[in-house]
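Notes to accompany the following structure.
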Amino acid sequence: SDIDNHLQTNVELNTKEYVWYRVQKDTIPAPNAPEGTTESAMTAAGWTKVPSTNFQLTQDYEKAYFEANRVYTLYIVKQETADTQVSNVRSKSVELGPVTQSGTIAFTGNEVVGKTVSATLKDANNNKGTWKWYISTTDCGATGTNAAPSIDDTAKWKQLASGYSPTIDSDTSTLTISEDMWKHYIKAEFVPNSDIGYGGESIKKMAATYVKKIYNEKIEIESNTKDGNGIYTAYSGTKVKATVNNWTGDELKGRFEMYIDTNAHTDSNRVFSGNTMTSTEENWSHRDGKYIYAQLTVPSNIALYVDESLEAIPAEMKYTSEKIIYRYGISINNADDFSDFVSGIGKYTDRSANYILTANINMKNKAALNPIHTTFTGTFDGDYHSVSYLKGNTSAILYAIDNATVKNLLITNAKVENTVSTASILASSSSNSVVSRVFSVESESISNGDASLIIGTSRNDTIQECGALGGKVYSTFEPEYSVGGVSGSIWQSRIYDNYMVNSSIGKAGIANAAGSLIGSVHPSNNSMSLISDLRRNYAANSIPLENGGLNGGVFGGFYQTGNTVQNVSNFYDKSLAPDPVLGTPDSKFPSASKGTGLATQEMIGTKLASEFGTSGTWTYKDGFYPRLTWMAEHPIAILYATTRGAFTPVDSKTDSTSIFDGNIYGAIKIPEELQKSVYSISSSNSDILKVTDGGTIIPVGNVGQSATITINYTEPDASIGGSASNTYDFTVKQTERALNSVSISGDENPGKTLIATASGVPDIKYQWYRRKAGTVSREAISGAT
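See the structure below:
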């Protein structure tokens, strides 16, 4: 607030009774004694009644403030009363000189680039004057140890021409700290306005410290390889690059390092360039699963900085980047690498080594592969990458595996055709191995012997969290061969947490066995103590009905009388594979041992959670078959898990049971999960079932007519390729009138208006919805007109 900084003089009197005064410049003639006895007469004559015996004056009788270095005369008179005459006029002259400025300056704010500092007058007798700001001509030095110059050494201070306000007549002036002030000291000065009578020394104040900057170097780390889920992952040969964003420009070598595990350097050849450091990773067996990270030590001049909270930063403070996992194995990075790996040539001759897929690979332009017949005893880790459009003879990847590990692999749109013997996508035969998290999508396996989409023949293996979506597998040779989705035949193997959806299993002949997951189960060397163990598996697909065939919903036949199987929580969808498919049960092949048949309604949602568990291996959702969590969000897994139970009514005309049975009385909504850009939706007859752009199915045909809704998935990454589709049949139970056109116009910005216009039917009613970006659920908007 303004200070009363006008010149003033004090007046002391013995009495105030009937006393009046008048102050004027001495250049004005003295006033006459006032005439009249009324106060109005006195006031009209330019006199003022004395308020007290001791008072201050700042203005003359014309209400003008006193001027400096000028003589003023005070006139005193005692008013005429009924009893007394007016007194003589008495006077006193005084010269008003400049008043000495008093007070101090206090600083508030932060002496940090981009921030502000305010200088405020304290205990001052005047705030009319000019504010000035200065920076020192010398700085604090490289480490902040150089002292500030004397506040009165004018040669060491440079006045600022701008960057602060107000500049005059204010208690406070505020300076914005700019980049060019970094490391310099600052001071403020208030110079009083002498024109209004204030003089003396100006008031000066220097900030307590030099100007600092906010330290915000940030580490960004990335690799030129990713796992199949799109997460940065390092392999042998991967280049990991760490970048210092908001780099101060201080030398990085010596304070910027890259480590793996616990402070072990990734290599001795880290390359520095500007604000980046790049490390090329090697093939380290002892570091599989360890994490690579970069670490940055603050520069030696950290005293010149503060953190983002404007606090001091300790010397030798270290900052650590995000981490990138390292996966051990010889890299398979492209189609040529993959062909060499299958053929066992080049750097892939060692069939006991660890190999890892370091990219998604499209084999569409490669010829059918002939895997080397040397048994593979090593590890093949897909690291959740996909291999698409494989073509193979016998198998597409490995001929035989023993004491091997194969894991984390997605095989899409592959085809293996063997006219001589066993055929399978992954391996023709396997023993004593672990196969986990391997899935076949829309692939075919055709054989003249045992056939499957994963393992042709399995002996003493563990196969877990595997399966197939779509595709088909069958044998062209009838006698004594077996067909199954996961494996054609098994001997004493463990089959845990696998599933098949919408895959076609066949052809099983008179002596053949066909099962959705396993074709046939055998003992090992006729030993009844070596039995197979199947737990928490399900199938939702059709299997053939052949006269005399040994067919089953989960697996087909059991060879050797008396052989038993640990059959726990294995189910098949009998709505798709009805009981007659199982053939005639007998004591040797009891149908009950081939899995438990359930209706689709009994398998979707959380219906199998009590059997399969809730530990995280499986994911459940209403209207969907259970999905393995590791690939639950894959668009193809979502597509094939979706049943008609996931479709929802738009209005109350169709209940959920009717939708599930394929009967619709009104418009229904396609599941939100299937309305993403990677899917396309079509109707086999739009005159029966009309599909809108908003994902609504409208029954426009005649009652009793049926049509098929097809939902196609196309892999958006053309370098990967691949596609899949699923179909849903619905019958019209009540005809709905469909709109010919719907359009929206207007401005979608807040406070603006959107207008929806539709045509085609009378009495159209509108309902607006909103959906937050990145979500799949919508919310009705009330109040729209």
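For what it's worth, the numbering used here labels the leading residue of the sequence shown as 99, then goes sequentially.
Glycine residues also receive a C-beta, built at the ideal position from the N, C-alpha and C atoms.
These numbers come from a predicted model, not from an experiment.
- DSSP lists Asn108 as the bridge partner or partners of Gln154.
- Taken in chain order, the unbroken stretches of beta strand (DSSP E) that lie wholly in the stretch 496-529 and span 3 residues or more are 496-500, 503-510, 513-515, 525-529.
- Within the stretch 348-378, the runs of beta strand (DSSP E) that reach at least 3 residues and sit entirely inside it are, in chain order, 354-358, 369-371, 374-378.
- Contiguous beta strand (DSSP E) elements confined to the stretch 425-503 occur at 428-430, 452-455, 477-486, 496-500, taking only those with 3 or more residues.
- Cβ neighbours of Ser292 within its own chain (closer than 8 angstroms, five residues either side excluded): Ala166, Pro196.
- Residue Gly134 holds the alpha-carbon nearest to the alpha-carbon of Ala180 among Gly134, Asn152, Thr218, Ile203.
- In this structure, DSSP gives Arg385 a helical state, which the three-state scheme calls helix.
- By DSSP's assignment, Gln393 forms a beta bridge with Glu355, Thr418.
- Looking only at Ser708, Ser630, Ser673, the smallest Cα-Cα distance to Ser667 is reached by Ser708.
- Non-local beta-carbon contacts of Leu402 in its own chain, meaning distances under 7 angstroms to residues more than five positions away in sequence, involve Gly242, Lys281, Lys310, Lys311 in chain order.
- Taking one beta carbon from each stretch, the stretch 213-222 and the stretch 146-164 have fewer than 3 pairs nearer than 8 angstroms; the two do not touch.
- For Ile203, the closest C-alpha among the options Asp267, Ile301, Asn506 is that of Ile301.
- The distance from the Cβ of Val169 to that of Val187 is about 18 angstroms, inconsistent with a contact at the 8 angstroms cut-off.
- The three-state secondary structure of Gly743, taken from DSSP, is helix.
- Straight-line spacing of the CA atoms in Pro769 and Ser804 works out to 20 angstroms.
- Counting only the Cα atoms, Leu772 lies some 22 angstroms from Val840.
- Taking C-beta separations shorter than 6 angstroms and ignoring five residues to either side along the sequence, the partners of Ser191 in its chain run Asp124, Val169, Thr171, following chain order.
- Here Gln664 carries a strand assignment [DSSP, helix/strand/coil].
- Here Ile757 is not bridged, per DSSP, to any residue.
- Taking every protein chain shown into account, the CB of Leu408 has fewer than 16 other CB atoms within 10 angstroms, so this residue is exposed.
- For Phe710, the enclosing alpha helix (DSSP H) begins and ends at 707-710.
- Under the three-pair Cβ rule at 8 angstroms, the stretch 353-371 does not count as touching the stretch 490-501.
- For Asn639, the closest of Gly582, Ile593, Gly858 by C-alpha to C-alpha distance is Gly582.
- With respect to the 8 angstroms criterion, Val599 and Tyr723 are classified as neighbours on the basis of their beta carbons.
- When secondary structure is reduced to three states using DSSP, Tyr333 falls in the coil class, being assigned neither helix nor strand.
- Ser216 sits in a strand when the DSSP states are folded into three classes.
- Relative to Gln157, the option among Thr182, Tyr116, Gln106 whose CA is nearest is Gln106.
- Counting along the chain, the unbroken beta strand (DSSP E) around Glu193 starts and ends at 188-194.
- Counting C-beta atoms within 10 angstroms of its own C-beta, Phe370 has fewer than 16 neighbours from the protein chains shown and is therefore classed as exposed.
- Spatial neighbours of Phe436 in its own chain (CB-CB distance under 7 angstroms, excluding positions within 5 residues in sequence) are listed in chain order as Ile430, Ile459, Met461, Val485.
- In this structure, the alpha-carbon of Asp671 lies about 17 angstroms from that of Lys570.
- Sequence-distant Cβ neighbours of Gln664 in its own chain, meaning closer than 6 angstroms and more than five residues away, are Asp631.
- In the structure shown, Lys226 adopts coil according to DSSP, grouped into three states.
- Going by beta carbons, Ser271 and Ser260 fall outside the 8 angstroms limit.
- Comparing C-alpha distances from Thr741 to each of Phe758, Ser754, Asp753, Gly650 shows the shortest one belongs to Phe758.
- Around the beta-carbon of Leu852, fewer than 16 other beta-carbon atoms lie within 10 Å, marking it exposed.
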